[in-house]
Every structure is written in structure tokens, then in C-alpha cells.
Amino acid sequence: MLLALEGIAGAGKSTLRDRLLADAHGAHIALGHIGQFSWLSLEATRTIIGLRAGHPAATSDQALAAAHGDLELHVRHNLTPALATGPLVADRLTLSTVCLLALLHHRPIDNYVRPLAKVEPARADLTVLVTTKPDLCQARLARRPTARRFAEDPATAVRLADLYEQAATAWTDITGLPVLRHPCTTETDLDLLAAACLERLREADRPAART
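So the sequence shown is numbered by my numbering: it starts at 1158 and just counts up by one.
So this is what it looks like as C-alpha cells:
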């Protein structure tokens, strides 16, 4: 099973990831963790680093081609081998890439969801969109010692939050796969999200689910 955690910076994705890894270990589920990109193509890496810094590629098609190529490499060399040993949680995956592309190249979400969703092995069985309000996310980011990144600018974060909602809807429409939307504002929210994800992991781990 592949589980993807999506949402703007400061939403609580990493906190949820760490909680899931701990809870899965306690439940004797060998849950692994994987990142968003493969970083295996120099050309694609240059484009992706530029996008993450807020610099659009020369054209939308070039940006999409870089993201698509990197995702295929991620599947071949990282996702598929890791999934062969057990379930995975990804702290950001396809929807985060979609939103970054749409933000910087000002094109409809579907223009990016549809082609990236064609990389079927990278389709998360469950996507969790952490919908914590941008103002709370900003307060959390202000307590971090690191400098703000491009996507963490307050106005950019608000725009990204809207793009994530659009991307989640388009993802389910195109793939038929579920997206669980919920904030991670309180400890109760964290408990609820972790329990929902752990139950899906348990279902996937049952023998009947694998036949």
C-alpha cells in the first residue's frame, strides 16, 4: 500500500508521518518512508530545484516533462522496490508536484494531474490532504529556525491551499482513488488522522486483501 501525505508547509504532514511510523511499528506493520522525488536525472533535478525555488521552467511543457520523467524514475528505482517489501508513506508525492506546477505556470490543475496520474505505480492508494488553515501553518513556520522557502510565503501558501483542494478533487475524478481531507490542528486531529491511516494499513496487511 502506498499512502501519500499532502498539504502546504506547516500543515502537520511530517508530524503525522512520524506518528504513523511509530504507530505502525507498534502494530507490527513494516511501514517504510519515501520522499517526493527520485533525484536520479540531472536534467530533471535542475528543473525541479528551480521550481521549488519559485523559478518556472522555460515552458509549462518542459516543467511537466521533467516532473513526469523524475516520477517514472522514482517508480522504477525507488517506489517499486520499496513497495515489494511492505507499505510506504510518502511525505508529499504527486499532488504536491501538481500544485507547484500549476502555481508557477498558471495553467489549470487538470493539465498536470492527468499526465502525472498516468504513471500508475505512483498512484497512492490513499492520499491524506492535511487542510490546516494557512494562518496556523504560518505561525508554526515562524517558530522554525530555518529561513522561509518560496512556497512558505504567506500569500503563496494561501494560493497553494486552494490549489491542493482543486488537485484533490481532480485526482479522485481522474483516478477514482480516495482523498481524505482533514486538518491537523489539535492532538485530537492527529489521533483521528493516524487512526484512519493505520486502519487502512491494517486492511491492506490482512491476507484477504492480498488475494
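We treat Cβ as the ideally placed atom computed from N, Cα and C, and that holds for glycine.
Values in this document were obtained by computation on a predicted structure and should not be read as measured data.
Candidates the options: closest to residue i by CA position
{"i": "Leu1278", "options": "Leu1236, Thr1329 and Lys1290", "result": "It should be pointed out that residue 1278 corresponds to Pro in this sequence rather than to Leu. Nearest of Leu1236, Thr1329 and Lys1290 to Pro1278, Cα basis: Leu1236."}
{"i": "Ala1223", "options": "Val1255, Pro1238 and Arg1297", "result": "Val1255"}
{"i": "Leu1258", "options": "Ile1206, Met1158, Gly1333 and Ala1239", "result": "Ile1206"}
{"i": "Thr1284", "options": "Leu1245, Arg1300 and Pro1272", "result": "Leu1245"}
{"i": "Pro1335", "options": "Pro1265, Asp1282, Pro1311 and Val1270", "result": "Asp1282"}
{"i": "Ala1312", "options": "Cys1294, Asn1268 and Gly1226", "result": "Cys1294"}
{"i": "Glu1163", "options": "Arg1176, Glu1360 and Gln1193", "result": "Gln1193"}
{"i": "Gln1323", "options": "Ala1314, Pro1265, Glu1309 and Leu1358", "result": "Pro1265"}
{"i": "Gly1211", "options": "Ala1181, Val1270, Leu1358 and Asp1310", "result": "Asp1310"}
{"i": "Val1276", "options": "Ala1314, Leu1298 and His1231", "result": "His1231"}
Exposed unless 16 or more other CB atoms sit within 10 angstroms - verdict on residue i
{"i": "Pro1291", "result": "buried"}
{"i": "Leu1317", "result": "buried"}
{"i": "Arg1280", "result": "buried"}
{"i": "Cys1354", "result": "buried"}
{"i": "Arg1300", "result": "exposed"}
Collapsed DSSP secondary structure at residue i in the structure displayed
{"i": "Ala1223", "result": "helix"}
{"i": "Asp1282", "result": "coil"}
{"i": "Ile1191", "result": "strand"}
{"i": "His1234", "result": "helix"}
{"i": "Ala1210", "result": "coil"}
{"i": "Arg1338", "result": "strand"}
{"i": "Asp1292", "result": "helix"}
{"i": "Ala1314", "result": "helix"}
{"i": "Leu1228", "result": "helix"}
{"i": "Ala1184", "result": "coil"}
{"i": "Ala1241", "result": "coil"}
Contact set for residue i: own chain, Cβ-Cβ below 7 Å, skip 5 residues either direction
{"i": "Cys1341", "result": "Ala1168, Gly1169, Thr1172, Leu1173, Val1287, Thr1289, Leu1347 and Leu1350"}
{"i": "Ala1239", "result": "Gly1189, Ile1191 and Leu1245"}
Contact set for residue i: own chain, Cβ-Cβ below 8 Å, skip 5 residues either direction
{"i": "Gly1243", "result": "Ile1186, Ala1187, Leu1188 and Gly1189"}
{"i": "Thr1329", "result": "Pro1335 and Val1336"}
Close Cβ partners of residue i (< 6 Å) along its chain, the five nearest in sequence each way excluded
{"i": "Pro1213", "result": "Leu1261 and His1262"}
{"i": "Glu1356", "result": "none"}
{"i": "Thr1202", "result": "Trp1196"}
Any C-beta of chain D under 8 Å from that of residue i
{"i": "Asp1282", "result": "Considering every chain present, this structure includes no chain D. It has just one protein chain."}
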